[in-house]
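Worksheet: the structure to be examined is printed underneath.
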Amino acid sequence: FGGSKEEYLEYFNPWFHVKTMEDAYNSIKPRIGSELFFILNKL
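Structure representation (structure tokens):
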């Protein structure tokens, strides 16, 4: 959706525990470096 890791952390931290947030390893070439993979647990 075009957000940065820092932006997503700011949005999700009040409501979720961020278990994992890292660069997506399986991005297609045009998206490499711009996609994140994350796992969240609801607080």
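Just so you know, we're using the working numbering here: the sequence shown kicks off at 56 and counts up by one.
Glycine included, every Cβ here is placed at the ideal spot set by N, Cα and C.
Sort out for me which residues DSSP pairs residue 93 with in a bridge. Stepping through the sequence shown from its first residue, residue 93 is reached at position 38. According to DSSP, which records beta bridges pairwise, residue 93 is partnered with 76.
Tell me, to the nearest whole angstrom, how far the beta carbon of residue 98 is from that of residue 72; I am working on the premise that it is less than 8 Å. On the sequence shown, position 43 is the one that residue 98 refers to. On the sequence shown, position 17 is the one that residue 72 refers to. Residue 98 to residue 72, Cβ: 6 Å. Contact.
Specify, as a first and last residue, the run of the alpha helix (DSSP H) that residue 64 falls within. Reading the sequence shown from its first residue, position 9 is the one you call residue 64. Where residue 64 is concerned, the enclosing alpha helix (DSSP H) stretches over 60-67.
For residue 69, which residues of its own chain have a beta-carbon under 7 Å away from its beta-carbon, when the five flanking residues on both sides are left out? Taking the first residue of the sequence shown as position 1, residue 69 is located at position 14. Closer than 7 Å at the Cβ level, and outside the excluded window around residue 69, lies no residue.
Which residue or residues does DSSP assign as beta-bridge partners of residue 71? Residue 71 sits at position 16 when you count from the first residue of the sequence shown. Answer is 97, bridged to residue 71.
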